[in-house]
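Visitor:
There are 2 protein chains.
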Amino acid sequence: MNGAGSLVKTMLASGVNVCFANPGTSEMHFVAALDDHPDLRCILCLFEGGTSAAADGYFRMKGEIAATLLHLAPGFGNAWANLHNARKAESAMLNIVGDHASYHLRYDSPLKGDVKGISETISQWTRVSGDAVSVASDGAAAITAARSKNGQIATLILPANTAWEEGSAPVTAAVPAVPHRPREDEIAAAAKSLCAPGAALVLGGRALFEPLSEVAGKIAAKSGCELLVDFLTPRVARGEGAVVIRPLKYVVEENVAALEGVRTMVLCGSGRPVSFFAYPGKPSVPEQADCQLIDLCPPEMDYEWTLHALSAALDSGGEVAARQVLDVPEVPSGPVTLDKLGQALGALLPQGAIVTDESVTSGRSFAQHTVGARGHDWLKSTGGAIGGGLPLAVGAAVACPKRKVVALTGDGSAMYTLQSLWTMARERLDVVTIVFANQTYQILHGELVNVGVEKAGRNATQMFDMMDPSLDWVALAQGHGVEGEKVETMEAFNAAFLKGIEMPGPYLIEVIC
Amino acid sequence: MNGAGSLVKTMLASGVNVCFANPGTSEMHFVAALDDHPDLRCILCLFEGGTSAAADGYFRMKGEIAATLLHLAPGFGNAWANLHNARKAESAMLNIVGDHASYHLRYDSPLKGDVKGISETISQWTRVSGDAVSVASDGAAAITAARSKNGQIATLILPANTAWEEGSAPVTAAVPAVPHRPREDEIAAAAKSLCAPGAALVLGGRALFEPLSEVAGKIAAKSGCELLVDFLTPRVARGEGAVVIRPLKYVVEENVAALEGVRTMVLCGSGRPVSFFAYPGKPSVPEQADCQLIDLCPPEMDYEWTLHALSAALDSGGEVAARQVLDVPEVPSGPVTLDKLGQALGALLPQGAIVTDESVTSGRSFAQHTVGARGHDWLKSTGGAIGGGLPLAVGAAVACPKRKVVALTGDGSAMYTLQSLWTMARERLDVVTIVFANQTYQILHGELVNVGVEKAGRNATQMFDMMDPSLDWVALAQGHGVEGEKVETMEAFNAAFLKGIEMPGPYLIEVIC
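In order, the protein sequence lines correspond to chains A and B.
In terms of this note's numbering, the first sequence opens at residue 1297 and continues consecutively.
In terms of this note's numbering, the second sequence opens at residue 1297 and continues consecutively.
1) Identify which residue in B:1352, B:1303, B:1393 has its Cα closest to the Cα of residue 1367 (chain B).
2) Take the Cβ of residue 1724 (chain B) as the centre, count every other Cβ of all protein chains shown within 10 Å, and call the residue buried at 16 or more, exposed below.
3) Using a beta-carbon distance below 7 angstroms, is residue 1430 (chain A) in contact with chain B?
4) For residue 1595 (chain B), which option in B:1502, B:1784, B:1313, B:1374 has the closest C-alpha, if you only look at C-alpha atoms?
5) Is it the case that the Cβ atoms of residue 1704 (chain A) and residue 1629 (chain A) are separated by a distance below 7 angstroms?
6) Near residue 1330 (chain A), what residues of its chain come up, given a Cβ to Cβ distance below 8 angstroms and the 5 sequence neighbours on each side ignored?
7) Quick check: what's the CA-CA separation for residue 1523 (chain A) versus residue 1516 (chain A)?
8) Classify residue 1323 (chain A): buried if its beta carbon has 16 or more other beta carbons within 10 angstroms, exposed otherwise.
9) At which residues does the beta strand (DSSP E) containing residue 1395 (chain B) begin and terminate?
10) Ends of the beta strand (DSSP E) at residue 1592 (chain A)?
11) Does the segment 1715 to 1730 of chain A come within contact of the segment 1769 to 1776 of chain A, defined as at least 3 CB pairs closer than 8 angstroms?
12) For the candidate residues B:1489, B:1403, B:1414, whose alpha-carbon lies nearest to that of residue 1379 (chain B)?
13) Excluding the 5 residues flanking residue 1297 (chain B) on each side, which residues of the same chain have their C-beta closer than 6 angstroms to its C-beta?
14) The beta strand (DSSP E) that contains residue 1510 (chain B), what's its start and end?
15) Could you give the DSSP three-state label for residue 1665 (chain A): helix, strand or coil?
16) Residue 1432 (chain A) and residue 1466 (chain A) - do their beta-carbons sit closer together than 7 angstroms?
17) Please compile the residues from chain B whose C-beta is within a distance smaller than 8 angstroms of the C-beta of residue 1766 (chain A).
18) Can you check whether the CB of residue 1548 (chain B) is closer than 7 angstroms to the CB of residue 1504 (chain B)?
19) Quick one, which residues of the segment 1405 to 1423 of chain A are near chain B if we go by CB-CB under 7 angstroms, in chain order?
20) According to DSSP, is residue 1723 (chain B) part of a helix, a strand, or is it coil?
21) Whole angstroms are fine: how far does the CA of residue 1658 (chain A) sit from the CA of residue 1581 (chain B)?
22) Since residue 1338 (chain A) meets chain B, which of its residues come closer than 8 angstroms, beta carbon to beta carbon?
23) Quick one: is residue 1638 (chain A) near chain B, going by C-beta distance under 7 angstroms?
24) Taking residue 1689 (chain B) and residue 1727 (chain B) to be in contact with their CB atoms under 8 angstroms, please state how far apart those CB atoms are, rounded to whole angstroms.
25) In this structure, how does DSSP classify residue 1307 (chain B) when only helix, strand and coil are distinguished?
26) Throw me the rounded Cβ distance for the residue 1375 (chain B) and residue 1417 (chain B) pair, which I believe falls under 8 angstroms.
27) Taking the runs of the beta strand (DSSP E) that are 3 residues or longer, which of them lie wholly in the segment 1408 to 1439 of chain B?
28) Any chance the segment 1491 to 1498 of chain B sits against the segment 1436 to 1448 of chain B, with 3 or more Cβ pairs inside 8 angstroms?
29) Could you spell out where the beta strand (DSSP E) holding residue 1534 (chain A) opens and where it closes?
30) Which runs of the alpha helix (DSSP H) spanning at least 4 residues fall entirely within the segment 1319 to 1396 of chain A, listed in chain order?
31) Which residues mark the beginning and the end of the beta strand (DSSP E) in which residue 1705 (chain A) is found?
32) Would you please state the rounded distance, in angstroms, between the beta carbons of residue 1619 (chain B) and residue 1511 (chain B)? I believe it to be under 8 angstroms.
33) Taking buried to mean at least 16 other C-beta atoms within 10 Å of its own C-beta, is residue 1622 (chain A) buried or exposed?
34) For residue 1475 (chain A), report the span of its beta strand (DSSP E) as first-last.
35) What did DSSP end up calling residue 1776 (chain A) once you bin it into helix, strand or coil?
36) What is the residue span of the alpha helix (DSSP H) that residue 1789 (chain B) lies within?
Next comes the structure, spelled out in structure tokens:
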């Protein structure tokens, strides 16, 4: 068995059985090894940015790592932006990156690049396999690293000869070490703080959906604190039956207002809420200057244990968590507005839907209109790197084949990774993609005003607008093998959305708005 | 004048007047400053991979640097693969990357990332502006660095507050230092070696087109040496009137055969020819073991001076360089074959065409069929990172608005940066894009055989083939605002190609092959 074979067997023995792939020549032995193991499902993305976001979406929904297969440093570079989103989501994944044979690296061949260097700018764990007999144990170590600290990006670089030379027997990945935990006195102090007026428990990670959200809900019921979640969440359970958790917003001033009455924030599984950008004269953080911040349990620590410990300290096990009741809006009609689109989603989202949201400015009101929708999960582009939305939907759909995925995207965002449409068609994924076609980077018009410019001039307009020519999303979808339609009224949108929900496989709706 | 304004004025004062851009919020003050200077032409790419390849293509054809405008670390990540191609081409460019305000960087906001770290994995020069008054001099230093050593990637990172706070007066970039030169005794020894039997002068950079190619041609005429060029060249003049330079190939064995009679290679402006990949049992370098290698002048040294010095040492100024005569193939007809497509290009390429070539396996025979075509320039994806071809054509067309650009691309390659089609339409660029639609990563089928696998199995097929569904390139072009057609016979191809050559603006031809 060569090194590549030992790695494939190590992955399968360790429970890694999906690989989002863009292989090249340096990965050929790995590909040949995959051919011997059809139980490792290989999904082709036509661009590496699709692989990393798909693995991210897969982890968020499945709680298990997927692999990516990337081709040397440029392949890793193409995956970088969505690795950034994944890292901010605390998603775990295993990147396998082929490199030149170690003895070939002394020459400056065209594809030679700093694979290790670029990996270390974003992965929490990077290793270059030194020889074929180490590949299996390196792979197992990478899988363990990926699963550590609630989720990490682990990158294993395989010089081609380590794949083709004789390897060792496969290795099953060790169970990762338990993440660090707060001290008991910190738990007690935090529990006490949560009982004071104006206290909020800021949640992240798996605490945003069952079963941990119920634990948090009971803590809130007992202590009287509020549950908060930052704006860009990897995944939050929403709609009917979901534990009530108040979300923060994108706009600095709105968050300042939202936190006006908050005197204490206890962070558990969440970083400190921070303004997305700094602006001249605006604050970098939204809370009041005298708000007490208790950084109890950062995302990489054991927030599952911590929540249970808080619950025990408060004796909240017998409480009943506040839950959202079903409260769907009327189905709207007439001309399209963004508010009406939000209402339509609130009215029509099916039970169990998974929403991937990169709607940017178009979706600013969607949270309010969908709060009482049928139960669903909502996933955002956590790192703010645009181009995460469509491939995130790919990964979520692979993870949950029985649930409908709804991908909300701005037209500017969707252009970054539109190749994902093809993978949706290839894999017959149940994804309804909704492109909000305002033909502009609308957010930049707003940001220009934020920096004090009243009106965009010629160069700004050239860089902000995507008119002249207009993108034709129905043609783009068709080009990728995905059926779609363009809608210009709410009646047409509602009908198209229901069609997309009911049909198997992917569908795309271009909404002129 | 704020820092951003001082930078824009510094760029214009230093001769940088084109910017391929994907701005975001952290670049808003720079965008506002650009609005005050419409003489700096801003060209929107809908994905950052387009900006870096376009700046690369611009430099290769114009010999001047263009800027890119990128949004934080993820924007730089998206540009990375084509920065790799540009670096391997020794192309110069100025990347301007916005980052968070320096005082905001202490917080872990969503878009915070290691901008400096990722830049340093590919740029030869990176600097983070420390304050607004330094921005102008930093910009000038970046431009000088980009122009140094025949061409470098220079990246200037601007924390947002350095753009909006009060800056200094603009600074004109200093002329770069003269690159290092070989010693006179090295010139004399190399000149002597070139006169020996089996000698070859291996050229790169500007030595591959006029006026330096003529100097090289005269050296060859006088010394009896052969002129060689490596497979992936940034730009080479070909066709009628071009100095005769023999190109190496992609396949290892073919290059071994090609260099069998070569006893001495003198490198001038070129790295050492190297096999693209290592394969078990195949050599990493193509020359015979006893071939003498004289690394006279690597690409970052002064190969212009070196060529003239060699010419002087040989007293070759009065010689006549061997030049290619016009020798166009018959216009082919009937069913499409790759050879016939090469012949059609050889027959129909217009005088002065610029060909950007990412045709990968489809184009293996094109060099032989176009050698006697009308005079043209040929540009390749120098770093082997796929996705360079279409945006390289964008940059070349912006640099040379009076010349026709022909972008040859495989379907797999074109999917990486298909957004470039929109920029072609937006800027009315005279580009004929030819997509060789074999619906597969054909090169990988060959590479699998190279590693010893006879036939691709299920997983390999899933990762190599782009059938099921087929991509519809005419629809994809239409979606981006570009007219196109699909051809299945040579007659149809010839007619479509002539139509594309004659019409202004972009045109796309999908060739089923």
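Even for Gly, the Cβ is constructed at its ideal location relative to N, Cα and C.
Guide: The structure says:
1) B:1393
2) By the 10 Å Cβ count, residue 1724 (chain B) comes out exposed.
3) no
4) B:1502
5) no
6) Excluding residues within five positions, the ones whose Cβ falls inside 8 angstroms are 1304, 1315, 1336, 1338.
7) 7 angstroms
8) buried
9) 1389 to 1395
10) 1588 to 1593
11) With a cut-off of 8 angstroms on Cβ pairs, the segment 1715 to 1730 of chain A is in contact with the segment 1769 to 1776 of chain A, counting three or more such pairs.
12) B:1414
13) The residues are 1463.
14) Premise fails: residue 1510 (chain B) lies in the alpha helix (DSSP H), 1508 to 1519, not in any beta strand (DSSP E).
15) helix
16) yes
17) Contact of residue 1766 (chain A) with chain B by beta-carbon distance below 8 angstroms involves 1777.
18) no
19) 1405, 1406, 1407, 1409, 1410, 1413, 1414, 1417
20) coil
21) 55 angstroms
22) 1755, 1758, 1759
23) no
24) 5 angstroms
25) helix
26) Not confirmed; about 12 angstroms, so no contact.
27) 1421 to 1424
28) no
29) Residue range 1532 to 1534 is occupied by the beta strand (DSSP E) that includes residue 1534 (chain A).
30) Here the runs fully enclosed are 1324 to 1331, 1344 to 1358, 1368 to 1384.
31) 1701 to 1706
32) That pair is no contact at about 14 angstroms.
33) Counting every other CB atom within 10 Å of its CB across the protein chains shown gives residue 1622 (chain A) a total below 16, marking it as exposed.
34) It is not in any beta strand (DSSP E) - residue 1475 (chain A) carries neither H nor E in the DSSP assignment.
35) Correct three-state label for residue 1776 (chain A): coil.
36) It spans 1786 to 1798 - the alpha helix (DSSP H) in which residue 1789 (chain B) sits, taken as one unbroken run.
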